[in-house]
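Undergrad:
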Ligand SMILES: Cc1cc2nc3c(=O)[nH]c(=O)nc-3n(C[C@H](O)[C@H](O)[C@H](O)COP(=O)(O)O)c2cc1C
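Numbering (full-length UniProt numbering), first residue to last: 1 to 442.
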């Protein structure tokens, strides 16, 4: 008789370095940040320790570079309703998080649009050193017009962005791989610190970037950060299949998850000669857990009450690059190619299992947590749903979208994690020394 071991879930806490993360209006929830200030280190230390107590693989810090300005050609509604705003620079909290923990990784979203690969590599290598090898980079290239406006550039099209990104990665790999492992001698007697013959000078002259110089950091514990990506358009999926070690996606139901998993695995094997299943598929999930189902439903209702309709619409306009204020609220959202995040747009289109979704409905669904499935119930109910997504949808893990913080992560660690562990679907201890070892383990 053969027995198959069911895979264990990987978990990421999905947040932003701001007053509000991906559930619009949560900053005003009665349980949000009681006694905590998001702009202070103590809050991040507590969030980090909570996630480590729950044995999460990592905290995932999402980011964008400026308040969205697509809605009514302005960022007024964004600042008014705290739609991912204010948001502070994400890499600043990485050392705070990793100094407060021993195992928890941190995935930091950093855009390639306005930063040269040289300084990007230096920053990420420095963070990987300081964390002892617990850093991941969520590679983004700025999909929002507001980011390009803020930096004084004209936004390039999706295809142009991916084109640049390819070359960007080429430079990064050269820099990260330029020091041989034994380049550092550190012989105090002779005074020789490093062997120049073992530290390559990178010479890159490309279409978009030039780089001549040595990487300024010695190899970090992971060599390079764990590479994360969340592109969902055709080109985005190719980019992810080629470069990423973990991929993020939001799919409202198990059929869409399954289709995505098989598409990704085909690209891995067919186009990039990588083993199907070798890249972790992490799906977005929002959870509302309580001791009883009735209590969980009550909690869920309180969460939804916080969503401001205008803020919801403005957020959707920002993410998809279309001004939804110009649409009739009762119009049906069409399945079109959008200038913004295509993959997340599809989570709206299929939010009701393929039935038509109006603009008003889409905004409210999206504002709850970017169209992620919401698991509401007891720990058992939520674990059932997670097992279903792993066994039938191809999920290797979940990015758990914050509602009120730190409470939602405390509740998950206290209630859902033990249930998953009892079922043998989640680790009972960290086994790896680095984030890569923990995240890529089966
Ligand atoms: C789950 C998820 C999370 C994302 N988080 C960010 C983010 O924090 N910052 C950002 O600039 N883009 C983010 N994106 C956008 C993508 O990484 C990508 O840049 C964008 O989707 C455009 O590429 P695409 O058209 O191929 O999807 C996210 C996308 C998804 C699906």
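All C-beta atoms, glycine included, are put in the ideal place defined by N, C-alpha and C. These numbers come from a predicted model, not from an experiment.
Taking the C-alpha atoms as reference points, what is the distance between residue 336 and residue 418?
TA: Translated into positions along the chain shown, residue 336 becomes position 336. Translated into positions along the chain shown, residue 418 becomes position 418. Residue 336 and residue 418: Cα-Cα distance of roughly 42 Å.
Undergrad: Residues in its own chain within less than 7 Å of residue 408 by CB, not counting five upstream and five downstream?
TA: Residue numbering aside, residue 408 sits at position 408 when the chain shown is read from its first letter. For residue 408, where only same-chain residues beyond five positions count, the Cβ hits under 7 Å are 402.
Undergrad: Verify the contact flag: residue 344, CB atom, against every heavy atom of ligand 1, threshold strictly below 6 Å.
TA: The residue you call residue 344 lines up with position 344 of the chain shown. Because some heavy atom of ligand 1 lies under 6 Å away, the Cβ of residue 344 counts as near it: yes.
Undergrad: With distances taken from CA atoms, which of 277, 435, 345 and 442 is nearest residue 58?
TA: Start at 1 with the first residue of the chain shown, and residue 58 comes out as number 58. When each option's Cα is compared against that of residue 58, the closest is 435.
Undergrad: From the DSSP output, which residues share a beta bridge with residue 311?
TA: Taking the first residue of the chain shown as position 1, residue 311 is located at position 311. Partner(s): none; residue 311 has no beta bridge.
Undergrad: One question on the structure: do residue 303 and residue 367 come within less than 7 Å of each other, judged by their Cβ atoms?
TA: Counting from 1 along the chain shown, the entry for residue 303 is found at position 303. Counting from 1 along the chain shown, the entry for residue 367 is found at position 367. Not a contact, by the Cβ cut-off of 7 Å.
Undergrad: Inspect the CB distances between the segment 103–123 and the segment 132–142 and report whether three or more fall short of 8 Å.
TA: Verdict: yes, contact present.
Undergrad: Under DSSP, the beta strand (DSSP E) around residue 254 begins and ends at which residues?
TA: Counting from one through the chain shown, the residue named residue 254 turns up at place 254. Element bounds for residue 254: not the beta strand (DSSP E) but the alpha helix (DSSP H), 254–272.
Undergrad: Which class does residue 436 belong to by DSSP, given the choice of helix, strand or coil?
TA: Stepping through the chain shown from its first residue, residue 436 is reached at position 436. Residue 436: helix per DSSP, three-state reduction.
Undergrad: Got a sec: does ligand 1 put a non-hydrogen atom nearer than 6 Å to the Cβ of residue 248?
TA: Counting from 1 along the chain shown, the entry for residue 248 is found at position 248. Yes, the Cβ of residue 248 comes within 6 Å of a heavy atom of ligand 1.
Undergrad: For residue 13, count the other beta carbons within 10 Å of its own beta carbon; 16 or more makes it buried, fewer makes it exposed. Which is it?
TA: On the chain shown, position 13 is the one that residue 13 refers to. Buried, by the Cβ-count rule.
Undergrad: Residue 262 and residue 343 look like a contact to me (Cβ under 8 Å); what is the Cβ gap, rounded to whole Å?
TA: Counting from 1 along the chain shown, the entry for residue 262 is found at position 262. Counting from 1 along the chain shown, the entry for residue 343 is found at position 343. Their Cβ separation, rounded to whole angstroms, is 16 Å, which puts residue 262 and residue 343 out of contact at 8 Å.
Undergrad: State yes or no: is the C-beta of residue 63 nearer than 6 Å to some heavy atom of ligand 1?
TA: Here residue 63 is taken as the residue at index 63 of the chain shown, counted from 1. The answer is yes for residue 63.
Undergrad: Got a sec: does ligand 1 put a non-hydrogen atom nearer than 6 Å to the Cβ of residue 413?
TA: What you label residue 413 is simply residue 413 of the chain shown in a count that begins at 1. Checking the Cβ of residue 413 against ligand 1 gives no.
Undergrad: Within 10 angstroms of the Cβ of residue 203, are there 16 or more other Cβ atoms? Answer buried if so, exposed if not.
TA: Mapped onto the chain shown, residue 203 falls at position 203. It is exposed - the Cβ of residue 203 has fewer than 16 other Cβ atoms within 10 Å.
Undergrad: Identify whether residue 173 lies in helix, strand or coil by the three-state DSSP scheme.
TA: For the purposes of this step, residue 173 is identified with residue 173 of the chain shown, where counting begins at 1. In this structure, residue 173 counts as helix in the three-state DSSP scheme.
Undergrad: Give me, in chain order, the residues of the same chain whose beta-carbon lies closer than 8 Å to that of residue 453; leave out the 5 immediate sequence neighbours on both sides.
TA: Examination of residue 453 is not possible in this model, given that the chain is present from 1 through 442 alone.
Undergrad: Buried or exposed for residue 422, going by 16 or more other Cβ atoms inside 10 Å?
TA: As a position in the chain shown, residue 422 is number 422, starting the count at 1. With fewer than 16 Cβ atoms within 10 Å of its Cβ, residue 422 is classed as exposed.
Undergrad: Could you tell me which of 255, 267, 79 and 49 sits nearest to residue 394, measuring between CA atoms?
TA: As a first step, residue 394 is located in the chain shown; it is residue number 394 there, counting from the start. Measuring from the Cα of residue 394, the nearest candidate turns out to be 255.
Undergrad: Which residue wins for smallest C-alpha separation from residue 398, given the options 406, 298, 425 and 191?
TA: Position 398 of the chain shown, counting from 1, holds the residue named residue 398. Taking only the C-alpha atoms, the option nearest residue 398 is 425.
Undergrad: Taking just the CA atoms, how far does residue 215 sit from residue 414?
TA: By 1-based counting over the chain shown, the position of residue 414 is 414. By 1-based counting over the chain shown, the position of residue 215 is 215. Approximately 43 Å, taken between the alpha carbons.
Undergrad: Using only alpha-carbon positions, find the residue among 332, 363 and 385 that is nearest to residue 354.
TA: In the chain shown, the residue the question calls residue 354 occupies position 354. Closest by alpha carbon: 332.
Undergrad: Helix, strand or coil for residue 447 per DSSP?
TA: The question about residue 447 has no answer, for the chain in this structure spans 1 to 442.
Undergrad: Using C-beta distances below 8 Å, list every residue in its chain close to residue 406, excluding the 5 sequence neighbours before and after it, in chain order.
TA: Taking the chain shown and counting its residues from 1, one reaches residue 406 at position 406. Closer than 8 Å at the Cβ level, and outside the excluded window around residue 406, lie 33, 36, 43, 46, 47 and 50.
Undergrad: Checking the sheet assignment: what are the DSSP bridge partners for residue 395?
TA: Mapped onto the chain shown, residue 395 falls at position 395. Paired residue(s): none; residue 395 is not in a bridge.
Undergrad: Out of 396, 432, 400 and 410, point me to the one whose CA is closest to residue 8's CA.
TA: Working through the chain shown from its first residue, we reach residue 8 at position 8. Ranking the options by Cα distance to residue 8, first place goes to 396.
Undergrad: In three-state DSSP terms, what is residue 318?
TA: Along the chain shown, one-based indexing puts residue 318 at 318. Helix.
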